[in-house]
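Counting in my numbering, the sequence shown runs from 1 upward without gaps. Using N, Cα and C, we set each Cβ at its ideal position, and we do this for glycine too. Quick notes on the structure that follows.
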Amino acid sequence: MKPIILIMCSAIAFAACTSKLKKENEALRNDIDQRRQALTEKVAHELEDARRELARTDSLLELARAEHDSLHQWVMSHATTLNDQSEPVMRLNQLRQRRDSLQVEFEKQAHKVKFYLRK
1 MKPIILIMCS AIAFAACTSK LKKENEALRN DIDQRRQALT EKVAHELEDA
51 RRELARTDSL LELARAEHDS LHQWVMSHAT TLNDQSEPVM RLNQLRQRRD
101 SLQVEFEKQA HKVKFYLRK
């Protein structure tokens with residue numbers, strides 16, 4: 001009689017444990033699914049932000065290039081009368097620096113967009 005009761009208690013305990021494990025597994029799966037969904041949404045949001053920033057940087061870069069090119073053309077046509085410390089030459093150097101920094105920023109944003117698209 002004792003062995004039967006012992007076996008019955010063991011079976012009940014085992015069934016309770018497996019039931020509890022199934023509930024825990026389902027809860028963990030739900031958490032994982034929620035985190036996956038949140039990560040997907042975050043990546044989509046980051047991609048959207050990166051594209052927006054890339055477009056902004058591109059427009060600023062185009063403006064800086066146009067301004068630099070026009071001033072460069074003027075400075076080159078008046079190169080014989082200008083020295084290195086004249087205001088147009090200094091302005092040209094500042095525009096060149098801005099153009100180069102915007103180019104670096106543009107390339108960084110482009111790589112960021114590529115990275116998010118690969119994900």
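Count the other CB atoms, across all protein chains shown, that sit within 10 Å of the CB of residue i; report buried if there are 16 or more and exposed otherwise.
i     : result
Gln94 : exposed
Arg35 : exposed
Gln37 : exposed
Ala64 : buried
Rank the options by C-alpha distance to the C-alpha of residue i and give the top, closest one.
i      : options                    : result
Asp58  : Glu107, Leu39, Ala44       : Glu107
Ser101 : Arg29, Val43, Lys20, Glu62 : Glu62
Pro88  : Ala27, Leu39, Ser70        : Ser70
Ala66  : Leu117, Arg52, Arg96       : Arg96
Gln103 : Ala79, Leu60, Asp33        : Leu60
Leu117 : Ala79, Val43, Thr80, Asn25 : Val43
Using 9 Å as the threshold, is the C-beta distance between residue i and residue j below it?
i     : j     : result
Leu92 : His72 : yes
His68 : Arg98 : yes
Check the C-beta distance from residue i over to residue j and give it rounded, since I have them as a contact under 8 Å.
i     : j      : result
Ala50 : Lys119 : That belief does not hold up - the Cβ atoms of Ala50 and Lys119 are roughly 11 Å apart, past 8 Å.
Leu39 : Gln109 : At roughly 22 Å, the Cβ-Cβ gap does not stay under 8 Å, so Leu39 and Gln109 are not in contact.
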